[in-house]
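In our numbering, the protein residues as written are 1 to 279.
This report refers to the structure that appears directly beneath it.
So this is what it looks like as structure tokens:
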């Protein structure tokens, strides 16, 4: 069975006025809440505080085992957020049905294993293309933007474009691990791989996001890659919020991103894309 052809996308490298958006993942606010049960701390409140600190959007991962974010969290976020909601989800029929019920601004399809602590790698788009293509098509037919969380690999990026993904989110976890190990040569090589994958996606008309493991110390190098238009950051910001508050943590990350890539004005011919339009 052949994969459906991708529908037309906006032109490559279509930046918004800020040039680089920040999506804040609030999963681990729910992790803390679920450690003892009850309703505190509330992920929705964290979302509002993140927006106050400079977030352009909110990401939440509804896992199959519901270990942190709950179905009710997704419903409340979609109903009450003033910024776009990016729903991270596994490529399952259950999650597809939930996405079609709530109609978030975007869905990021991620690999998921019950025994992992966090998402450990990118999707196998080359090997699982037919199954993913069906879900991508259903989501796009509902006017939900579709992102695939992938390794920074040109073959995987090309396969993502072939099944109609609007966006690829490049996995920055290996780069962050190498930075923590102070492996300068490894860091340079991994950044080159991320930059190459981002350029390949841009040439194919696929929007480029990046995330996983980013911190104050590692964000700038990724932010400087011109094809990347959004960074999604969660665990580190929630951890920093314990010491100095969430608004301050998000605001500092926003400042570091803007320093690495200063905002630029809209291109007069660019198409509306991503988070330009409020949900």
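C-beta atoms are modelled at their ideal positions from N, C-alpha and C, and glycine is treated no differently.
- When C-alpha distances from residue 79 are compared across 110, 61, 153 and 105, the shortest belongs to 105.
- Note on residue 82: under 16 other CB atoms within 10 angstroms of its CB, so exposed under the neighbour-count rule.
- Scanning 133, 62 and 151 for the CA closest to the CA of residue 90 turns up 62.
- CA-to-CA, the gap between residue 30 and residue 170 works out to about 24 Å.
- It is roughly 15 Å from the alpha-carbon of residue 191 to the alpha-carbon of residue 208.
- For residue 155, the enclosing alpha helix (DSSP H) stretches over residues 154 to 162.
- Between the alpha carbons of residue 168 and residue 243 lies a gap of roughly 33 Å.
- Between residue 146 and residue 139, the gap from beta carbon to beta carbon is short of 8 Å.
- The Cβ-Cβ distance between residue 102 and residue 75 falls below 8 Å.
- Between residue 21 and residue 229, the C-beta gap is smaller than 8 Å, which places the two residues in contact.
- Within the same chain, Cβ atoms closer than 8 Å to the Cβ of residue 193 are found at 152 and 153, the five residues on either side in sequence being excluded.
- Taking all protein chains shown into account, residue 40 has fewer than 16 neighbouring C-beta atoms within 10 Å of its C-beta and is therefore exposed.
- For residue 255, the closest of 53, 38, 172 and 37 by C-alpha to C-alpha distance is 53.
- Burial state of residue 175 is buried, judged by a 10 Å Cβ sphere holding 16 or more other Cβ atoms.
- DSSP places residue 34 in the helix class (H, G or I) of the three-state scheme.
- Contact annotation, residue 199 with residue 227: C-beta distance approximately 6 Å; criterion of less than 8 Å satisfied.
- Rounded to whole angstroms, the gap between the alpha carbons of residue 108 and residue 183 is 30 Å.
- Rounded to the nearest whole angstrom, the C-alpha separation of residue 224 and residue 189 is 15 Å.
- Around residue 259, the same chain offers 220 as residues with beta carbons nearer than 8 Å, after the five sequence neighbours per side are excluded.
- Straight-line spacing of the CA atoms in residue 60 and residue 136 works out to 18 Å.
- If only uninterrupted alpha helix (DSSP H) runs of at least 4 residues are considered, those enclosed by the segment 76 to 127 are 93 to 102.
- In this structure residue 148 is in contact with residue 125, their Cβ atoms being roughly 6 Å apart against a cut-off of 8 Å.
- With a threshold of 16 other beta carbon atoms within 10 Å, residue 112 meets it and is buried.
- Taking C-beta atoms as the reference points, residue 158 and residue 204 count as a pair closer than 8 Å.
- Taking C-alpha positions only, residue 66 is separated from residue 72 by approximately 11 Å.
- Counting along the chain, no alpha helix (DSSP H) covers residue 21; the unbroken beta strand (DSSP E) around it starts and ends at 21 to 25.
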